[in-house]
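Enquirer: I'd like to ask some things about the structure below.
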Amino acid sequence: MRRTIALALVAALFGCGNSAAPRLIPVAAGSDWRRVATPSDRERLRAWRQTWQRALAAARRAAPEAVAAQGALFDYDRALDQPIPPLGSYNCRVYKLGARQPGQLDYVDYPAFACRVAADEGGTVRLEKLTGSQRPTGVIFADNGLRAVFLGVMILGDEARPYPYGREPARDLAGWVERIGPARWRVALPQPAFESLLDVVELVPAR
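Using mature numbering (1 follows the signal peptide of the UniProt record, and there is no 0), the letters of the sequence shown correspond one by one to residues -20 to -1, 1 to 187.
Following this line, the structure appears as structure tokens:
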């Protein structure tokens, strides 16, 4: 029965494949992300530190100056209070650390794209990357005073809508959300399906 309820919740959370656009997730504010996350995503989140250390070591070998220039962004022990970004528009940059396969790059950074943090009337907070060829979209769940959890999916290319979370494992994403500066946040996504060992999404308010 619990499994059936959990599956039904996941379907409701991330909409169906026929929806015209990503929808806000109608889940009560304060819901436990552990009851929503897939087993593989829970495992990715549990192993985040080992993944981050491997990815960062590879990135430092490939691009030591570029990694050092980002300061707190890649410091996995850096976490301040208020981990959930305020609602609004953001500039977001994606950094890919550590190659998943031989021949891929161990460090890649992209220019800033547009992101948005929004909420529905029930208080559910959603993060969406609005531009670019890879666009994470999903929900931010409170976890503790120093970090939150992102669960979502990856939208690719010219796709207009996301897969439902949990239906296509290669599109599922799970990460830790932390504040690392006065107006600077990051979403660290361990073991994404494409290209890297770790994706780090930096968020700063759009001016």
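Every residue gets a Cβ at the ideal spot worked out from N, C-alpha and C, and that includes glycine.
Which of helix, strand or coil does DSSP assign to R40?
Expert: Helix.
Enquirer: Three or more C-beta pairs closer than 8 Å, one from the stretch 34 to 51 and one from the stretch 142 to 149: is that the case here?
Expert: The stretch 34 to 51 is not in contact with the stretch 142 to 149.
Enquirer: Using a 10 Å radius around the Cβ and a threshold of 16 neighbouring Cβ atoms, would you call S176 buried or exposed?
Expert: Label assigned to S176: buried.
Enquirer: So for L126, helix, strand or coil by DSSP?
Expert: Of the three classes helix, strand and coil, the one that applies to L126 here is coil, per DSSP.
Enquirer: Short check: CB of I160 to CB of A52, under 7 Å?
Expert: Cβ atoms of I160 and A52: closer than 7 Å.
Enquirer: Around the C-beta of R166, are 16 or more other C-beta atoms found within 10 angstroms, so that it is buried, or is it exposed?
Expert: Result: buried.
Enquirer: Using C-beta distances below 7 Å, list every residue in its chain close to Q62, excluding the 5 sequence neighbours before and after it, in chain order.
Expert: R159, listed in sequence order.
Enquirer: Under the three-state reduction of DSSP, which class applies to Q30: helix, strand or coil?
Expert: In this structure, Q30 counts as helix in the three-state DSSP scheme.
Enquirer: Hey, how far is the Cα of P116 from the Cα of P142?
Expert: So the two alpha carbons sit approximately 9 Å from each other.
Enquirer: Output the residue ranges of the alpha helix (DSSP H) runs that lie fully inside the stretch 87 to 163 and measure 4 residues or longer, sorted by chain position.
Expert: As far as the stretch 87 to 163 is concerned, it has no whole alpha helix (DSSP H) run of at least 4 residues.
Enquirer: With a Cβ-Cβ cutoff of 7 Å, do W13 and V129 count as a contact?
Expert: Yes.
Enquirer: Just to confirm, is the Cβ distance from I120 to V157 under 7 Å?
Expert: It is a contact, given that the beta carbons lie within the stated cut-off.
Enquirer: Starting from D179, trace the beta strand (DSSP E) in both directions and tell me its first and last residue.
Expert: Counting along the chain, the beta strand (DSSP E) containing D179 begins and ends at 176 to 185.
Enquirer: Going straight from the alpha carbon of G68 to that of R187, what length do you get?
Expert: Going by the C-alpha atoms only, they are around 11 Å apart.
Enquirer: What is the DSSP secondary structure of A17, reduced to helix, strand or coil?
Expert: A17: coil per DSSP, three-state reduction.
Enquirer: Hey, quick one: how far does the beta strand (DSSP E) through P79 stretch, first residue to last?
Expert: Rather than Pro, the amino acid found at residue 79 in this sequence is Ala. Element bounds for A79: 68 to 79.
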